[in-house]
Every structure is written in structure tokens, then in C-alpha cells.
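Listed in order, the protein sequences are those of chains P and Y.
The numbering of the first sequence is the numbering used here, which starts it at 148 and goes up by one.
The numbering of the second sequence is the numbering used here, which starts it at 6 and goes up by one.
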Amino acid sequence: MKRKEEILAWLDTNPRIQDLKKFAKQLGVRLRKSMKKREVIRAIKEFLKKETLEARSSATSPVAKVEEREVEEVKELPKTYNKDKLVLLPVNPNWLFVYWDMSPETRRIIESLEPGSSVVLRVHDVTYIIFDGKNSHRTFEAGVDVRYTSNYYINVPMPNADYLAELGYKTPYGEFVPLMRSNVARTPPNSPSPSNRERWYDLRKRRKSVSPSKGVIVKPVERVRVSSPGKGVEYSGGGAFLWESVRSGGIL
Amino acid sequence: MRGYMILFLHAHLPYIKHPEYDEFLEERWLFEAMMETYIPLIMMFRRLEKEKVPFKLTMSITPPLMEMLSSDDMQRKFERHMGKLIELAEKEVERTKSEHPKKNKMARYYLSNFREILRVFREDLERDLLGAFKEFQEKGNVELVTCNATHGFLPLMEIYPQAVRAQIEIGVKAYEKYFGRKPRGLWLAECGYFLGLDRYLAEAGIEYFFVDSHAFWYADDQPRYGVYRPVITPSEVFVFARDPESSEQVWSATVGYPGDHRYREFYRDIGFDREYDYIKPYIDPSGVRVNTGIKYHKITSKDLDLSKKELYDIDEAKMAAKEHARDFFYKKTKQVEKLSSLMGIEPIIVAPFDAELFGHWWYEGIFFLEEFIRLLKDQSTVKLATPSEIIDKLDVVQIITPAASSWGANGYYEVWLNGKNDWIYPHIHEMIEKMTEMAKKFEGVEDPLIDRALKQMARELLLAQSSDWAFIITTGTSVDYAMNRVKKHITRFLDIYDQLSRGTVDEEKLSYYEWVDGIFDDIDYRVYLKVGEVS
Numbered sequence: 148m149k150r151k152e153e154i155l156a157w158l159d160t161n162p163r164i165q166d167l168k169k170f171a172k173q174l175g176v177r178l179r180k181s182m183k184k185r186e187v188i189r190a191i192k193e194f195l196k197k198e199t200l201e202a203r204s205s206a207t208s209p210v211a212k213v214e215e216r217e218v219e220e221v222k223e224l225p226k227t228y229n230k231d232k233l234v235l236l237p238v239n240p241n242w243l244f245v246y247w248d249m250s251p252e253t254r255r256i257i258e259s260l261e262p263g264s265s266v267v268l269r270v271h272d273v274t275y276i277i278f279d280g281k282n283s284h285r286t287f288e289a290g291v292d293v294r295y296t297s298n299y300y301i302n303v304p305m306p307n308a309d310y311l312a313e314l315g316y317k318t319p320y321g322e323f324v325p326l327m328r329s330n331v332a333r334t335p336p337n338s339p340s341p342s343n344r345e346r347w348y349d350l351r352k353r354r355k356s357v358s359p360s361k362g363v364i365v366k367p368v369e370r371v372r373v374s375s376p377g378k379g380v381e382y383s384g385g386g387a388f389l390w391e392s393v394r395s396g397g398i399l
Numbered sequence: 006m007r008g009y010m011i012l013f014l015h016a017h018l019p020y021i022k023h024p025e026y027d028e029f030l031e032e033r034w035l036f037e038a039m040m041e042t043y044i045p046l047i048m049m050f051r052r053l054e055k056e057k058v059p060f061k062l063t064m065s066i067t068p069p070l071m072e073m074l075s076s077d078d079m080q081r082k083f084e085r086h087m088g089k090l091i092e093l094a095e096k097e098v099e100r101t102k103s104e105h106p107k108k109n110k111m112a113r114y115y116l117s118n119f120r121e122i123l124r125v126f127r128e129d130l131e132r133d134l135l136g137a138f139k140e141f142q143e144k145g146n147v148e149l150v151t152c153n154a155t156h157g158f159l160p161l162m163e164i165y166p167q168a169v170r171a172q173i174e175i176g177v178k179a180y181e182k183y184f185g186r187k188p189r190g191l192w193l194a195e196c197g198y199f200l201g202l203d204r205y206l207a208e209a210g211i212e213y214f215f216v217d218s219h220a221f222w223y224a225d226d227q228p229r230y231g232v233y234r235p236v237i238t239p240s241e242v243f244v245f246a247r248d249p250e251s252s253e254q255v256w257s258a259t260v261g262y263p264g265d266h267r268y269r270e271f272y273r274d275i276g277f278d279r280e281y282d283y284i285k286p287y288i289d290p291s292g293v294r295v296n297t298g299i300k301y302h303k304i305t306s307k308d309l310d311l312s313k314k315e316l317y318d319i320d321e322a323k324m325a326a327k328e329h330a331r332d333f334f335y336k337k338t339k340q341v342e343k344l345s346s347l348m349g350i351e352p353i354i355v356a357p358f359d360a361e362l363f364g365h366w367w368y369e370g371i372f373f374l375e376e377f378i379r380l381l382k383d384q385s386t387v388k389l390a391t392p393s394e395i396i397d398k399l400d401v402v403q404i405i406t407p408a409a410s411s412w413g414a415n416g417y418y419e420v421w422l423n424g425k426n427d428w429i430y431p432h433i434h435e436m437i438e439k440m441t442e443m444a445k446k447f448e449g450v451e452d453p454l455i456d457r458a459l460k461q462m463a464r465e466l467l468l469a470q471s472s473d474w475a476f477i478i479t480t481g482t483s484v485d486y487a488m489n490r491v492k493k494h495i496t497r498f499l500d501i502y503d504q505l506s507r508g509t510v511d512e513e514k515l516s517y518y519e520w521v522d523g524i525f526d527d528i529d530y531r532v533y534l535k536v537g538e539v540s
């Protein structure tokens, strides 16, 4: 326990029973409801004795929370900017992220839909086309409860494809009425291109040329995602272990 | 049979300057990096120079780091930090006499090392670390490249051309300010690349950038030489891709050199081990225990409980670093031989790392680098080169558009966009729109106060965009701080926006924001007017 001394010092300052219980709970000390202040303190002390060096959580001390150093008040962030907005972002080759915000007018339209209507999100595969509302290669649909949700992660079938989303509603007769349309987002590719051309640039003569590919000379050994039972997914990738420790400055 | 190697160090820390506090926990990130990485790197350059060992390194120093390293305030705080650390090391020298000879040996080592670092900083470098890097750039040993302004993750800004432009242009300007010339190269934060980003780089006069390996592998045409030759994009910017083998050897968690049992254990620090009353003056004033930089234990075995680690011996660790440097040298030689016979043309191996890996995380990493560079001296198979030297010599180059990618976990964007941090983006996007709106509204208006308010809005937006906050929230360390930072920048931005909308700027409040978020003194917010895509 890294701040054992501090906690012991705090216990000596005659804290309120409520604070003691709250803190004990944070620590994970088991208490009975009927416990007196003295008993709670004893239970905390017992618990601390058992703690090892490893328990280095910074969230457990009532004395020195990091946030308490802050003086300027951080306000709640706005929940809406009252604008119609549907934004589509690629996450990886098979996932997109979409979020939306609404103007009061759009909100009113949705609130006053006739019974039997439903709000839906549509995602269109618009790879290499200019979308006119109905010419997409494929269309996917999911129901949305806009009262509780303002974003979705969408699992899409194609890497290296253009997608576009629409948020709208379906009338009781099954007709789709779009209210908002998103930007086009392209999923990143995850396999080598089928292209069999090579383009070259002669920098001295400033001349570009295209020729059929003679094949790749250095073949890549691609990374593969693995998992083994009992081990969680690690957010390492690029910089392996050092990401966490170095990028966060080595602070535990 | 020979080939070139681009040894690249990416030096970056988010803007963690807190003038409103005498001491601030996160400012230690900078002091640790200065003490363990940046100054030791300069010391290494000077040693190599003195002994006439040729070397070529490429480094990115990100704009927030430029701003912090050049700040008088941070320089003074660093000196004070070192002063206290030296005081602690003096106490440790006495205290460890009765504890263990190995600990005492290290305490004495730390004391003389800390004194030397402070002396070099004050006397040799006259506090001007950027100047020291610049000097080695002018001598031709180091090529410095810039980075996008606040290390924002560009693929998630694609829909706002003005935001991409601001990140790039301000990154270029910061470089010009501190290094007195235009940057030839730019390091994309997290190697984050999206289709078309090369056009913005071309527009800003950038000649080359870097991507992760799979950006080449999954490009529009297949690269004939894989990642072992640079390519050029249709908008005529050169691109280098990371060599996966070099990365694996140096920084893999499982098989990389830094995990060797003889190396220093990062997580066992006297900031946590010593009794509270003794260590209190040397940790955070709030009482939160932190790393001090004095560590007596070695990794021993990776799965071992921290309390069971054995005592560290720096001489033993330096031996390990030498062995690893020899191993790396051997592997690079073999790799070059194999590749050049396969390719029939000189392979170019690009090995980029976070600079702070060397010295800060991997304490012996600088010895390793130095040893590796020395080994390269008397042979001609592997030659260090800078990206500029490589592109200046190219005759013919393959034209390729790299694939959208990053060097984060799994290679794409999910580290910076997932269920934990996705709440950031609607705010950032709104800030971009509001920034553009206000820049337009006050275009041509010459009012010093409005100008200051617009500048500050741009600063808050750029600071909120640092990829570091989203990253920290994902990985789960220092989350409170990162969340707070994002929220503060959004709140401060919206506050100024409201003031401007109402037509009354609160000068006192604005001055406070300028003081606490005072990055990029001469920022030009008009870049947010350039909303069109590059043609």
C-alpha cells in the first residue's frame, strides 16, 4: 500500500464514521452494518497490514486525490449543440462509428411521429458512386432509440469501401424518410491490393511511367491478431509495452 | 552489398505546462524525459563527436515539446526539480551505506549522474536544449523533422480540411520558429494516415513523412520492395515505412531487448518504497507518491512480484546493453545482406521509436544506441542515413498511395476512437465549426482583444485535439488528468465563444486562459478559414 502512512495518519484525525465507512468500502474492506467507529478503524488497519507493495491504485486514498488539486471548476459539457449533425468515422476495416446531434426542429419531428413509425439508421455502401438516395450497392438498417442513444458502432462487411449513413424514420407503411445524411467514410484496407500495375517516377527526367507488375520482391510477413485464454486484449501495437508507460509519463 | 538505416527517434510529450502551480505532478513527465532521455542524448552526441565516431540520426521534436523546452518557466522548474533530486540522492548515499553495497553503489552513481545532468544543462547547454539539437542538425549528424501541431490524430479530422491544415501548418511554423529553417519532413502523430493526407502535406511544402508497414503492404499498388524503399505519392511527397523486424527486436514486450532481467526495473522506485515522512519532500506536494528516478532493482524476472525484485547493478546492465547492441548490429547486417541480394538494390531500413524509450523507460537504452552506433563505424554493410540524404540520391521511385493506417494497436484508429473516449469527438468537431464560424465573422476586424480571443480559441481547440488524452483514456493510466484536460479545453473554448457571440470579451478571464494554455504565442487562427479540400 503506497500511502499506508497517510491513511494511518488520517485514521488518527478522528474522521467521521460515514467517511470511514465510505473509504473502507473503496478499499474493499468488508464491514458489518452494526460496526462502531472503533471497529471500522480496526478493520481498515487490519486490511492495510495485509496489503502488499503491488497495490498501487491512486484512487483509494481519501487524503490526496489527484482531482483535488484542481481549483478551476470543470462544468458539465453540453449534451447537445442543437444542430442537425450525422457524422460517420472509420474505426478499422470492419467498424464505423456514427454519432448524431439534432436541432430542436428535428427533435420535434421525431417526437411527433405518427404511431407505428420508427426511427432507423441506414448505412449505405457507396463505393465509387455518387449517392442519389437509392443507388447504393448495399443498404443496412438498424433501429435507434434517439432518446437514449447518440452514437453507434457499426459492423460493416467491406474493408476499403465507402459508406454513408442516414438517420430517418420509417412510416407505418414502411416508407423510409431520411432526416439527416452523413459524410462518406472509407474503411481502411486490410489486405494487399489486387492491382497488377506498377507506376514509377524517374526523378531525374521527371517522367512517370506505368507498367505491369513483375511481382513483389520482398513479401511481407503480416501481423496477426492472437489471443489466448486468460489474457485480455492488450492495447500495445505500435510501441508495445512502452505505450502505456512512456506516453503516460511513467506515472502509475 | 550494403544498405541504409534510418534510425528515427520520435520525441513527444503532450503540453503539460502548468504555470498556475508551483509544482505539478504531470510536469514531472517532462523533467523525467529531459533528465533521462533528452539531455543524455545530447551528451551521447557530444561523446561521439569528440571521438570522431560518425553518426546520423533523425528526430522529431513535437511542437508542444518545443514550446515546453524553450520555456523559461519550465527550465527553472527543471533546475529546481534536479536540485531536489540531488538533495535526495545525497541522503540516499548516506542512508544506503548501512543497507547494501549494491544500493550504495547506485546511490553514488545517481548522485554524480544527476549533478552532471544539471551541470550540462546549465553550463554546456545554457538551458537551451532545442539549441543543442539544432547545433547537431547544422553539423549534419541529426535531421530534425516536425510533427503536426499538438500531435492530433489526423485520420479523425479528415472531414474538416481546415483542422488538418491547422495541425500541419502550425506544426511547420513552430519548427521554423525554433530551428530557423523549413522542415523537410513531418512525423504524423501515431503514424496516423488517411487517404489524401499527402496532398495537405504537399501543400505545406513537406517533402517526406512516415507510415507503419501495412500502409505500404495494403497500398493501392503493391510495393515492389516492400517497406525497404521509400515511395512517392501521386502528389509527390516521399513516404518511408517502418521496418517491422527492427521494431520487434527493440521494443516488443515479450522478445524485445528492454525486458532483459539485468536491466533496471521501471516500476520499483524509492518514491514508493521509502517511508512517507522521509520521501514526502521529494514527491508530489499533494502527498501522492510518484517516481523519483532513484531505483535500486532490476527486472530480475518479468512475472515476479515487484517486492521480490533483486538489486540492480549498472555495470552488469551495461554489459547487457553491449550484448544487445552487438546482437542488433549482427541482425541488421544479416538483414541488409539478405535484402540487398534479394532486391538487387540498396535496401533502406526505417527504424522509428519513441525517443523516451531510450533512457526513460529502458534506462540502458542510450548505452545501447551509443554502442550500436560505435559498432557501425568500422564496416560498410549498414550505413546510417537521414531521410533527406536518401531522397536526394534517388533516381527512380515507385509511385504509391499508402493505405489508411496508424501504428497503434491493431494498426488502425481504435486506440483513439472507442467506447471510452468517443465522447470527445462530437465536442472537437463542434469546436472546429465554431472556430471557423468566428474566424469568418471577425475576418478583417482589427480589434486586439477579439484577435486575442480568437487566438485563444484556436489554442484550446488544438490542445483538446492532442492524441495523448484519447490514448491515456484508452490505456487507463492518469485517466482523471486526461479527461480533465479535454473537458477544460472544451469548457474554456466554449466560454470564449460565448463571450465573442455576446460581443463582450472578459479580458481578465482571457488573460488567465492565455496564461494557463499559452501554447503557440503567435498562432494564426486564419488557417481555420481554409475549409476547402486540397485540389
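We put the CB at the ideal spot given by N, CA and C, even for glycine.
Every value quoted in this text rests on a predicted model; they were computed, and no experiment measured them.
When the Cα atoms are used, what is the spatial distance from Ser410/Y to Lys107/Y?
47 Å
So who's on the other strand from Lys232/P, going by DSSP bridges?
Asp248/P
Test: Glu403/Y CB closer than 8 Å to a CB of chain P:
Reading off the sequence, residue 403/Y comes out as Gln, not Glu. True, the Cβ-Cβ gap to chain P drops below 8 Å.
Cβ pair Arg189/Y, Ser393/Y closer than 8 Å:
yes
Could you check the C-alpha separation between Gln403/Y and Asp397/Y for me, to the nearest Å?
15 Å
Which value, in whole angstroms, describes the spacing of the CA atoms of Asp278/Y and Ile188/P?
Rounded to whole angstroms, Asp278/Y to Ile188/P spans 24 Å at the Cα level.
Any Cβ of chain Y within less than 8 Å of the Cβ of Glu217/P?
At Glu217/P the pLDDT is 44, less than 50, meaning the model places this residue with poor confidence and gives no usable figure here.
Flag this pair as yes or no: are the beta carbons of Glu361/Y and Ala38/Y separated by less than 8 Å?
yes
For Lys323/Y, which residues in the same chain have their Cβ closer than 6 Å to its Cβ, ignoring the five residues on either side in sequence?
Phe372
For the structure I just gave you, are there three or more beta carbon pairs, one from the region 283-296 of chain Y and one from the region 229-243 of chain Y, closer than 8 Å?
Segments in contact, no.
Cβ distance (whole Å) where Glu313/P is taken to contact Arg328/P below 8 Å
5 Å
What are the boundary residues of the alpha helix (DSSP H) that includes Tyr504/Y?
Looking at the sequence itself, residue 504/Y is Gln, so the reference to Tyr does not match. Unbroken alpha helix (DSSP H) run through Gln504/Y: 484-507.
Which of helix, strand or coil DSSP assigns to Trp192/Y
DSSP places Trp192/Y in strand when its eight states are reduced to three.
Measuring only the C-alpha atoms, how far is Lys543/Y from Thr101/Y?
A question about residue 543/Y goes unanswered here, because the residues of chain Y that appear run from 6 up to 540.
What residues of chain Y sit near Lys222/P, judged by a beta carbon separation below 7 Å?
Thr496
Tell me whether Glu193/P sits in a helix, a strand or coil according to DSSP, three-state version.
Correct three-state label for Glu193/P: helix.
Taking Cβ to Cβ, would you say Tyr43/Y is nearer than 8 Å to Thr155/Y?
No, the Cβ-Cβ distance between Tyr43/Y and Thr155/Y is not below 8 Å.
Please report the residue range of the beta strand (DSSP E) in which Lys61/Y lies.
First-last for Lys61/Y: undefined, no H or E at that position.
The region 172-190 of chain P: which residues have C-beta closer than 8 Å to a C-beta of chain Y, in chain order?
none
Return the residue from the list Asp309/P, Phe287/P, Val291/P, Pro335/P that minimises the CA-CA distance to Val270/P.
When the alpha-carbon of Val270/P is set against those of Asp309/P, Phe287/P, Val291/P, Pro335/P, the nearest one is in Phe287/P.
Within this structure, are the beta carbons of Val363/P and Arg346/P separated by less than 8 Å?
Cβ distance not < 8 Å, so Val363/P and Arg346/P don't count as in contact.
Tell me, to the nearest whole angstrom, how far the beta carbon of Leu243/P is from that of Tyr310/P; I am working on the premise that it is less than 8 Å.
6 Å
Quick one: measure Cβ to Cβ for Val150/Y and Thr63/Y, integer angstroms, because I've assumed they're closer than 8 Å.
7 Å
Taking C-beta to C-beta, are Leu422/Y and Ala458/Y nearer than 8 Å?
no
Residues, ordered as in the chain, of the region 330-354 of chain P that lie near chain Y by beta-carbon distance below 7 Å
Asn330, Arg333, Pro335, Pro336, Asn337, Ser338, Pro339, Ser340, Ser342, Arg344, Glu345, Arg346, Trp347, Tyr348, Asp349, Leu350, Arg351
Any heavy atom of the ligand ATP closer than 7 Å to the Cβ of Arg269/P?
The ligand ATP is not part of this structure, which contains no ligands at all.
Return the chain-ordered list of same chain residues with a C-beta closer than 8 Å to the C-beta of Glu270/Y, the five sequence neighbours on each side being excluded.
Lys300, His302, Lys303, Ile304, Thr305, Leu311, Lys314, Tyr317
Give the residues from the region 404-415 of chain Y that approach chain P closer than 7 Å (Cβ to any Cβ), ordered along the chain.
So the list reads Ile404, Ala408, Ala409, Ser410, Trp412, Gly413, Ala414, Asn415, given in the order they occur along the chain.
contact_flag[the region 122-129 of chain Y, the region 157-168 of chain Y] where n(CB pairs < 8 Å) is 3 or more
The region 122-129 of chain Y, when compared against the region 157-168 of chain Y, does not touch it at the 8 Å Cβ threshold.
Environment of Gln340/Y [buried if 16+ CB atoms lie within 10 Å]:
Counting Cβ neighbours within 10 Å, Gln340/Y comes out buried, since at least 16 surround it.
Of all the residues that make up the region 446-461 of chain Y, which are near chain P by a beta-carbon distance shorter than 7 Å?
none
Just mark Met6/Y as buried or exposed, buried being the case when its beta carbon has 16 or more other beta carbons within 10 Å.
exposed
Return the Cβ separation of Trp412/Y and Cys196/Y in integer angstroms, given the expectation that the two are a contact with Cβ distance under 8 Å.
4 Å
Cut-off 6 Å between Cβ atoms - residues of its own chain near Pro306/P, not counting five sequence neighbours on either side:
If we look at Pro306/P and ignore the five residues flanking it on each side, its Cβ neighbours are Pro240, Thr334, Pro336, Asn337.
Asp526/Y: buried (16+ other C-beta within 10 angstroms of its C-beta) or exposed?
Counting C-beta atoms within 10 angstroms of its own C-beta, Asp526/Y has fewer than 16 neighbours from the protein chains shown and is therefore classed as exposed.
Report the residue ranges of all beta strand (DSSP E) runs contained in full by the region 117-198 of chain Y; include only those spanning at least 3 residues, in chain order.
147-152, 190-192
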